[in-house]
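Undergrad:
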Amino acid sequence: MNSVALGWVHRDTALPGPMQGLGQGAVQTIAAPASRCGTARDRLALLQACYDCGIDLLPLSCDHVWQINPAMDLARQCTENILAQLATIRGTGQLSITLSWSGGLLPSDRCATGRAWLQAQHLRQTILKKQSCFGQQVMDIVTLGLPGKRRVFDNATSRRLDLWIQRQDLAGAQAQIVEAAQHLAQSPLPDLSLMITGLWPVYGFVTSPQPCMTAPA
Amino acid sequence: MALELQMATPGEVLGSNQTRLVDVVDGLLRHGVVLRAELWLTVADVDLVFIGADLLLADPHKMRESR
Chain A
1414 MNSVALGWVH RDTALPGPMQ GLGQGAVQTI AAPASRCGTA RDRLALLQAC
1464 YDCGIDLLPL SCDHVWQINP AMDLARQCTE NILAQLATIR GTGQLSITLS
1514 WSGGLLPSDR CATGRAWLQA QHLRQTILKK QSCFGQQVMD IVTLGLPGKR
1564 RVFDNATSRR LDLWIQRQDL AGAQAQIVEA AQHLAQSPLP DLSLMITGLW
1614 PVYGFVTSPQ PCMTAPA
Chain B
65 MALELQMATP GEVLGSNQTR LVDVVDGLLR HGVVLRAELW LTVADVDLVF
115 IGADLLLADP HKMRESR
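Here the protein sequences come in this chain order: A and B.
All the letters of the first sequence, read from the start, carry residue numbers 1414 to 1630 under the numbering used here.
All the letters of the second sequence, read from the start, carry residue numbers 65 to 131 under the numbering used here.
1. Quick one: what's got a C-beta closer than 6 Å to M1608/A's C-beta in the same chain, skipping five residues either side?
2. Does the pairing of the segment 1416 to 1426 of chain A with the segment 1469 to 1477 of chain A give three or more beta-carbon distances under 8 Å?
3. For chain B, is any of its Cβ atoms less than 8 Å away from the one on R1580/A?
4. According to a CB-to-CB cut-off of less than 7 Å, which residues of the segment 1535 to 1564 of chain A neighbour chain B?
5. Touching or not, the segment 1524 to 1532 of chain A and the segment 1544 to 1560 of chain A, by the rule of three or more beta carbon pairs under 8 Å?
6. Which residues bound the beta strand (DSSP E) around I1510/A?
7. Less than 8 Å between the beta carbons of G1617/A and D1567/A, yes or no?
8. List, from N- to C-terminal side, the alpha helix (DSSP H) runs of 4 residues or more that fit wholly inside the segment 1464 to 1496 of chain A.
9. Mind the definition here: the segment 1597 to 1616 of chain A touches the segment 1494 to 1508 of chain A only if three or more C-beta pairs lie below 8 Å; say whether that holds.
10. Tell me, to the nearest whole angstrom, how far the beta carbon of V89/B is from that of R1454/A; I am working on the premise that it is less than 8 Å.
11. Let me know if V1619/A comes out buried or exposed under the rule of 16 or more other beta-carbons within 10 Å of its beta-carbon.
12. So the beta strand (DSSP E) S1448/A belongs to, where does it begin and stop?
13. My guess is that I1578/A and G1561/A are in contact by the Cβ rule of under 8 Å, so how many angstroms apart are they, rounded?
14. Using C-beta distances below 6 Å, list every residue in its chain close to P1520/A, excluding the 5 sequence neighbours before and after it, in chain order.
15. Does Q1461/A get closer than 8 Å to chain B when you measure Cβ to Cβ?
16. Leaving out five residues on either side along the sequence, give the residues of the same chain with a beta carbon under 7 Å from the beta carbon of R131/B.
17. Check the DSSP bridge columns for G1420/A and list the partner residues they point to.
18. Checking contacts by CB at 8 Å: is I1468/A closer than that to chain B?
19. Give a yes or no on whether the minimum CB-CB distance between P1472/A and chain E is below 8 Å.
20. Hey, is I1443/A's beta-carbon within less than 8 Å of any beta-carbon in chain B?
21. Check whether the Cβ atoms of V1555/A and L1605/A lie closer than 8 Å to each other.
22. Which residues does DSSP pair with S80/B in a beta bridge?
23. Suppose the cutoff is 6 Å on Cβ atoms and the five residues either side in sequence are ignored; what does the same chain contact list for A1484/A look like?
24. Quick check on DSSP: helix, strand or coil for T1610/A?
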């Protein structure tokens, strides 16, 4: 059967179908039939199915299809590193919070003269900078006091914050964000959208174990 | 003038084609562990060449087509 590697779990972890754990050591490689992993979204869904069963897992990046053998080799060569990471992420998950704002008020790129185009670009950058600054402040307010490590990703019209929390802290964190958002909603604000999703496996807080192999002289 | 709040479980996100939820998925896909093969070619204890490559599973025909 042609299989794809999705991540690693502790030995003897019972995985939901169609996944199975491969490997003899302290770490098992999560394998799934390639026929069920056609898209990145499929792989994300399969890992989520494991995670939703309460399994602590070290996820491989879902935007690639990873071979089984290199993943199993890595599990053998970097067992201690993977076990240490599994211990660190035990009972935790990732809450993703995305704040989006409208870019609809930006000036058009189509201008009659070069001078007008330059002015439009300058105005565009000024607006985006202000919106980004405002988005940062709103995100800081709604996530103020939440426990856990965080990573922030910005683009022109949104800011995403990944929060690393304990599974049991999910409801409390969501309630705290909703309360802060409802409080903010009473203020005059430009159109904003706040999206809270999770819990996900801790994609944003894991590191890649890297073996070093030496060719024979 | 409003602050719209939306909460979604992973199942709802994965089953949706809403642009905002698709963006959430795209953000997750880019993270996680990446497999890297690292090989030092060594002769007489002297490191000569370092080779690093992502270990992907791809159909060679498709790889040739994409070149």
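Where a beta carbon is used, it is the ideal one built from N, C-alpha and C, also for glycine.
TA: Judging by the given coordinates:
1. If you number the first sequence from 1, residue 1608/A lands on position 195. Within the same chain, M1608/A has close Cβ partners T1511.
2. In this structure the segment 1416 to 1426 of chain A lies against the segment 1469 to 1477 of chain A, because at least three pairs of beta carbons, one per stretch, are closer than 8 Å.
3. Position 167 of the first sequence, counting from 1, holds the residue named residue 1580/A. Output row for R1580/A: interface = no.
4. Hits within the stretch: zero.
5. no
6. Counting from 1 along the first sequence, the entry for residue 1510/A is found at position 97. 1505 to 1514 is the extent of the beta strand (DSSP E) around I1510/A.
7. Residue 1617/A sits at position 204 when you count from the first residue of the first sequence. Residue 1567/A sits at position 154 when you count from the first residue of the first sequence. Against a cut-off of 8 Å, the Cβ pair of D1567/A and G1617/A comes out as no contact.
8. 1481 to 1490
9. yes
10. Residue mapping note: residue 89/B aligns to position 25 of the second sequence, counting from 1. Residue mapping note: residue 1454/A aligns to position 41 of the first sequence, counting from 1. Going by Cβ atoms, the distance from V89/B to R1454/A rounds to 6 Å, so yes, they are a contact pair.
11. Residue mapping note: residue 1619/A aligns to position 206 of the first sequence, counting from 1. So V1619/A counts as buried.
12. Position 35 of the first sequence, counted from the first residue, corresponds to residue 1448/A. S1448/A: not part of any beta strand (DSSP E); DSSP gives it neither H nor E.
13. Along the first sequence, one-based indexing puts residue 1578/A at 165. Along the first sequence, one-based indexing puts residue 1561/A at 148. The pair is a contact, with the Cβ atoms about 4 Å apart (cut-off 8 Å).
14. Your numbering for residue 1520/A matches position 107 in the first sequence. Taken in chain order, the residues that qualify are A1533, L1536, R1537.
15. If you number the first sequence from 1, residue 1461/A lands on position 48. Yes, its Cβ sits closer than 8 Å to a Cβ of chain B.
16. Position 67 of the second sequence, counted from the start, is the residue given in the question as residue 131/B. Residue placement at R131/B cannot be trusted, given a pLDDT of 45 that sits under 50; what the coordinates show is reported in the next sentence. Result list for R131/B: empty, nothing under 7 Å.
17. Here residue 1420/A is taken as the residue at index 7 of the first sequence, counted from 1. G1420/A pairs with I1443/A, P1472/A.
18. If you number the first sequence from 1, residue 1468/A lands on position 55. It does not: the Cβ of I1468/A has no partner Cβ on chain B nearer than 8 Å.
19. In summary, chain E is missing from the structure at hand, where the protein chains are A and B.
20. Here the question's residue 1443/A lines up with position 30 in the first sequence. Not an interface residue.
21. Taking the first sequence and counting its residues from 1, one reaches residue 1555/A at position 142. Taking the first sequence and counting its residues from 1, one reaches residue 1605/A at position 192. Not in contact: V1555/A and L1605/A (Cβ atoms no closer than 8 Å).
22. The sequence position of residue 80/B within the second sequence is 16, counting from 1. None; S80/B has no bridge partner.
23. Counting from 1 along the first sequence, the entry for residue 1484/A is found at position 71. Answer for A1484/A: A1418, T1442, listed in chain order.
24. Here residue 1610/A refers to the residue found at position 197 when the first sequence is read from its first residue. DSSP places T1610/A in strand when its eight states are reduced to three.
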